[in-house]
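Working notes, structure below.
Right under this line is the structure:
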C-alpha cells in the first residue's frame with residue numbers, strides 16, 4: 186500500500202462547478218498537509234498548507250483534513266478553465282522536511 | 074523576486090554520457106531539495122542540501138548520482154553514465170529554512186537516447 190493514494194483521473198467538469206479532489210494516507214504520524222497545482226510541463230506550485238485537522242480557506246480554494254479517517258480534500262468553487270492542471274497532495278510528519286506526494290489528479294475544466 | 078531557476082530546461086544525452094542539472098534557489102533560500110518525476114508517477118524525493126552540506130540523501134540512488142550545493146553558485150545534480158531509465162523530469166525546490174513548505178523550479182527534462 187502506498188503511503189499517499191490519489192486517483193489519477195482525469196476528472197472533467199464544466200466551468201462553474203464545485204470540484205472535490207481527494208487523497209487518503211496510511212501513516213497516522215502525518216501532521217502537515219499540502220496541495221500543489223502543476224500545469225503541464227511546469228513545476229508544482231504550492232496552493233494550500235495546513236497543519237493537523239480542520240479546514241483552511243483561500244479564495245476559491247478550501248483544504249480539509251480529517252485525521253480520523255486519514256482523508257484530505259481540496260475543494261475548488263466556481264471552477265475555471267484556468268484551473269485545468271494536475272493537483273498533487275503531499276504530507277509529512279512533525280519535524281520532517283521531506284513531503285510524501287500522491288501521484289496527482291488531472292483536472293479538466295471545460296468551458 | 075526571481076523564483077527558483079533551473080537549467081537547462083531540456084537536456085538530451087546518449088547512454089553512458091554525464092548529465093549535469095543546475096538549480097539556483099530563490100533569493101534568501103539556503104535549503105535545496107531535488108525530486109524526480111516519472112510519467113504516471115508522483116514526485117519522488119532524492120536529496121536535501123544546505124550550503125556545503127548534504128542533509129538527507131535517502132532518496133538518491135547509491136550509484137551514478139551525486140549532488141552538491143557549494144558556498145557560491147548553484148546546486149548541481151550530477152548523473153554519471155546515464156541510462157534510459159534516468160529519463161525523467163527533475164525538479165529542484167528551495168526554502169528559507171528546513172521546511173516542508175517548498176517552492177519549486179520549472180524542472181529539467183532529461184531524455185536519454
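Residue numbers (this note's numbering), protein chains in the order written: chain P, 186 to 296; chain C, 74 to 186. We put the beta carbon where it would ideally sit given N, CA and C, even for glycine. Since the model is a prediction, treat every value here as computed from it, not as a measurement.
For residue 284 (chain P), go through chain C and note every residue whose CB falls closer than 7 Å to its CB, in chain order.
Within the first chain, residue 284 (chain P) is the residue found at index 99, counting from 1. 173, listed in chain order.
Suppose you measure from the CA of residue 262 (chain P) to the CA of residue 77 (chain C); what does that come to, to the nearest Å?
Stepping through the first chain from its first residue, residue 262 (chain P) is reached at position 77. Stepping through the second chain from its first residue, residue 77 (chain C) is reached at position 4. So the alpha carbons of these two residues sit roughly 29 Å apart.
Is residue 239 (chain P) helix, strand or coil by DSSP?
Sequence index remark: in the first chain, residue 239 (chain P) carries index 54 (1-based). If DSSP states are grouped into helix, strand and coil, residue 239 (chain P) belongs with the strands.
Do you know whose CA, among C:144, C:151 and C:146, lies nearest residue 91 (chain C)'s CA?
The count along the second chain starts at 1 and reaches residue 91 (chain C) at position 18. Closest option to residue 91 (chain C), Cα to Cα, is C:151.
Residue 204 (chain P) to residue 127 (chain C), Cα distance in whole Å?
Indexing the first chain from 1 puts residue 204 (chain P) at position 19. Indexing the second chain from 1 puts residue 127 (chain C) at position 54. Answer to the nearest angstrom: the Cα atoms are 40 Å apart.
Whose Cβ in chain C lies nearer than 8 Å to the Cβ of residue 281 (chain P)?
Residue mapping note: residue 281 (chain P) aligns to position 96 of the first chain, counting from 1. Within chain C, the residues near residue 281 (chain P) are 173.
Does any CB atom of chain P fall closer than 9 Å to the CB of residue 159 (chain C)?
Counting from 1 along the second chain, the entry for residue 159 (chain C) is found at position 86. Cβ-Cβ to chain P under 9 Å: no for residue 159 (chain C).
Going by the DSSP bridge assignment, what does residue 138 (chain C) pair with across the sheet?
By 1-based counting over the second chain, the position of residue 138 (chain C) is 65. According to DSSP, residue 138 (chain C) bridges with C:152.
Have a look at residue 216 (chain P) and residue 232 (chain P) and give me their C-alpha separation to the nearest angstrom.
The residue labelled residue 216 (chain P) in the question sits at position 31 within the first chain. The residue labelled residue 232 (chain P) in the question sits at position 47 within the first chain. Answer to the nearest angstrom: the Cα atoms are 17 Å apart.
Taking its Cβ as the centre, do 16 or more other Cβ atoms sit within 10 Å of residue 248 (chain P), making it buried, or is it exposed?
One-based indexing of the first chain puts residue 248 (chain P) at position 63. Counting Cβ neighbours within 10 Å, residue 248 (chain P) comes out buried, since at least 16 surround it.
Using 8 Å as the threshold, is the segment 206-216 of chain P in touch with the segment 78-86 of chain C, meaning 3 or more CB pairs across them?
Counting Cβ pairs under 8 Å, fewer than three are found: no touch.
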